[in-house]
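Engineer:
Chains as they are written, first to last, in UniProt numbering: chain A, 1 to 267; chain B, 1 to 267.
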């Protein structure tokens, strides 16, 4: 008997992603799960330039002790609002990228069905997001509130270490995960034989790094063949993802989490 | 009718925490959950200096594509091994601090019973661990593999920003969470009226910062009264925790995640 399909709800609440406008940023890790699943969501800061972003700013009010629905305050975007999913049918508001992804993925069919696989998917997502944070820190190693131009020297050292030590360490790790799962995942999936939120998260990191460090990526691609020749390109052909990447909803990289400063790339 | 107690297993598997010896580090976020719950665990690197650490090193083999039990490779400690909890009764091996904590907390009675509360506990743990990472980066802003002495100038700038911008931002956030939950949690708990893994994680961050930045903490304590006068001291009196903090199992801070360099503290 075949294993049962992961449960996927047929009707969905109005998921509302609250994040900064115009950049993919950390919001993109959430968007990719919805897009791969074909499940609608709203993204007010990008959909309504006048009235959308104030909704995001409101949840990050530096004096808030929580909202009227009983949710604790938000530290920073992204956040997800889900009408009816809170206590006593109120709105749920949750923050932290991995928390949001882990919450929605099983509901939209993007989490492995098996509990052990799900623990490993979570492990891989968290490891991918660690690399995402380190990529951010290559252009902001000193202070998130200062301009890059005010921390260029430190960025240069940080980016060198990132390229020479951290990229090989993380890429070797995910290459080995793909290799270990090759029989089931054909080099396309990190866990099992289906797309999961581990894949969407790691793919977004690799794609962001292609934007930020194009020369470094080009120079590394033969070292990690499953990653570069199978996983990375085949993801772009997945149902839901192909349409999304060609759509206007897929925001362009610019001055967000992943940034291209030629002086930080391989020379 | 009173709400049901969170389910807590009466018998437990032999939980094995695999982490570096001698330092609290990220392993401490896992230890505190077991200790607060009174659930036994083994910590081989600290219990058996000769044969323990090789077990930790073995799981981080840079060529591994996974183990014989079907677990993917580990990126870095901490890891948790749970005999019998993997597929087909094999051993489960999972990594990533928040993944491990989120896995064990409900099994040992340290997670909120309500699902919404659990999502918020997860959010708070992840936010606390973000601050933990930033605290680490105050002494390693450039490269984790270099000595502090090789990145002292960058550390000085990073620590200044951490003290002046990040400590107020994170502490204000958690003070407001305590305030929002005050009626239920009496300023002692972040979520609801019981100790949870959100509390153990955030307390360990605050405690680590007391070691790393004692002058800064002393200067800040009146700004965050619930945090410093209620939450922080009352946690030390919790059942399981009081005994643990007085025991030899509680490792001393030294040259790990939290480090005391007087020149990085408030002058």
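Glycine residues also receive a C-beta, built at the ideal position from the N, C-alpha and C atoms.
On a predicted model such as this, the values are computed, not experimentally measured, just so you know.
#1: Could you spell out the range, first to last residue, of the beta strand (DSSP E) harbouring residue 94 of chain A?
#2: Buried or exposed, going by whether 16 or more other CB atoms sit within 10 Å of the CB of residue 3 of chain A?
#3: Residue 140 of chain B touches chain A at which residues, Cβ-Cβ below 9 Å?
#4: List the whole-angstrom C-beta distance separating residue 119 of chain B from residue 104 of chain A, where the pair is believed to meet the contact cut-off of C-beta under 8 Å.
#5: Could you tell me how far apart the beta carbons of residue 193 of chain B and residue 180 of chain B are, in whole angstroms, since I believe they sit closer than 8 Å?
#6: Hey, could you find the ends of the beta strand (DSSP E) residue 82 of chain B is sitting in?
#7: Can you find a CB in chain A that lies within less than 8 Å of the CB of residue 204 of chain B?
#8: Given 8 Å as the limit, is there contact between the segment 203 to 210 of chain B and the segment 252 to 259 of chain B, that is, 3 or more CB pairs closer than that?
#9: Using DSSP with H/G/I as helix, E/B as strand and the rest coil, what is residue 17 of chain B?
#10: Grab the span of the alpha helix (DSSP H) containing residue 215 of chain A for me, first residue to last.
#11: Determine whether the Cβ of residue 75 of chain B lies closer than 8 Å to any Cβ atom of chain A.
#12: Measure from the C-beta of residue 89 of chain A to each C-beta in chain D and report whether the shortest distance is under 8 Å.
#13: Looking at the secondary structure, which residues open and close the alpha helix (DSSP H) in which residue 34 of chain B lies?
#14: Please check the pair residue 198 of chain A and residue 135 of chain A, which I expect to be a contact at CB under 8 Å, by giving their CB distance rounded to whole angstroms.
#15: Quickly, what does DSSP pair residue 42 of chain A with across the bridge? List them, please.
#16: Taking only beta-carbon atoms, is residue 51 of chain B less than 8 Å away from chain A?
#17: What number of angstroms, rounded off, separates the C-alpha of residue 139 of chain A from the C-alpha of residue 151 of chain A?
#18: Among A:141, A:31, A:51 and A:123, whose alpha-carbon lies nearest the alpha-carbon of residue 153 of chain A?
#19: Which residues, in chain order, does the segment 141 to 154 of chain B contribute to contact with chain A at a C-beta distance below 7 Å?
#20: At 7 Å on the CB atoms, spell out the chain B contacts of residue 83 of chain A, in chain order.
#21: Quick one: list the residues of chain B neighbouring residue 230 of chain A, beta-carbon separation under 8 Å, in chain order.
#22: If you compare alpha carbons, which of A:26, A:33 and A:166 is closest to residue 235 of chain A?
#23: Excluding the 5 residues flanking residue 125 of chain B on each side, which residues of the same chain have their C-beta closer than 7 Å to its C-beta?
#24: Could you tell me which whole alpha helix (DSSP H) segments of length 4 or greater appear in the UniProt domain "GST C-terminal" (114 to 264) of chain A?
#25: Is residue 36 of chain A closer than 8 Å to residue 60 of chain A when the C-beta atoms are compared?
#26: Rounding to the nearest angstrom, what Cα-Cα distance links residue 148 of chain A and residue 160 of chain A in this structure?
#27: Buried or exposed for residue 247 of chain A, please, with buried defined as at least 16 other CB atoms from any protein chain shown within 10 angstroms of its CB.
#28: Using a Cβ distance threshold of 8 Å, determine whether the segment 21 to 29 of chain B contacts the segment 163 to 181 of chain A, with at least three qualifying pairs required.
#29: Could you tell me which chain A residues have their CB closer than 9 Å to the CB of residue 161 of chain B, listed as they occur along the chain?
#30: If you follow the alpha helix (DSSP H) that residue 52 of chain A is in, where does it begin and where does it stop?
#31: Is the beta carbon of residue 164 of chain B sitting closer than 8 Å to the one on residue 227 of chain B?
#32: Rounded to the nearest angstrom, what separates residue 216 of chain B and residue 131 of chain A at their Cα positions?
#33: Quick check: is the beta carbon of residue 92 of chain B nearer than 8 Å to any beta carbon in chain A?
#34: Under 8 Å, Cβ to Cβ, is there at least one residue of chain A near residue 65 of chain B?
#35: So residue 173 of chain A contacts chain B; which residues on that side make the cut at Cβ distance below 8 Å?
Structural biologist: In terms of the structure at hand:
#1: 92 to 95
#2: The predicted position of residue 3 of chain A is uncertain, since its pLDDT is 49 and thus under 50; a value taken from the coordinates is nonetheless stated next. It is exposed - the Cβ of residue 3 of chain A has fewer than 16 other Cβ atoms within 10 Å.
#3: In chain order: nothing, as chain A lies at least about 10 Å away.
#4: In fact, because the Cβ distance is near 11 Å, the residues do not count as touching under 8 Å.
#5: Not quite, the Cβ-Cβ distance comes to about 14 Å (not below 8 Å), so this is no contact.
#6: 79 to 82
#7: With 8 Å as the cut-off, residue 204 of chain B does not count as an interface residue toward chain A.
#8: Judged by Cβ distances under 8 Å, the segment 203 to 210 of chain B makes contact with the segment 252 to 259 of chain B, as three or more pairs qualify.
#9: strand
#10: 214 to 220
#11: yes
#12: Included in the structure are the protein chains A and B, with no chain D among them.
#13: 27 to 37
#14: With a Cβ gap of about 18 Å, residue 198 of chain A and residue 135 of chain A do not count as contacting.
#15: A:16
#16: no
#17: 8 Å
#18: The shortest Cα separation from residue 153 of chain A among A:141, A:31, A:51 and A:123 belongs to A:141.
#19: 141, 142, 143, 145 and 154
#20: Result: empty, since nearest Cβ-Cβ is about 13 Å, beyond 7 Å.
#21: Within chain B, no residue comes near residue 230 of chain A; the closest Cβ sits about 15 Å away, beyond 8 Å.
#22: Among A:26, A:33 and A:166, the Cα nearest to that of residue 235 of chain A is on A:33.
#23: 98, 101, 197, 198 and 201
#24: Within the UniProt domain "GST C-terminal" (114 to 264) of chain A, the complete alpha helix (DSSP H) runs of at least 4 residues fall at 115 to 139, 152 to 161, 167 to 180, 182 to 185, 197 to 212, 214 to 220, 232 to 235 and 241 to 246.
#25: no
#26: 16 Å
#27: exposed
#28: no
#29: Chain order gives the chain A residues near residue 161 of chain B as 142, 143, 144, 145 and 146, where near means a beta carbon separation below 9 Å.
#30: 52 to 59
#31: no
#32: 30 Å
#33: Yes, contact with chain A.
#34: yes
#35: 73 and 75
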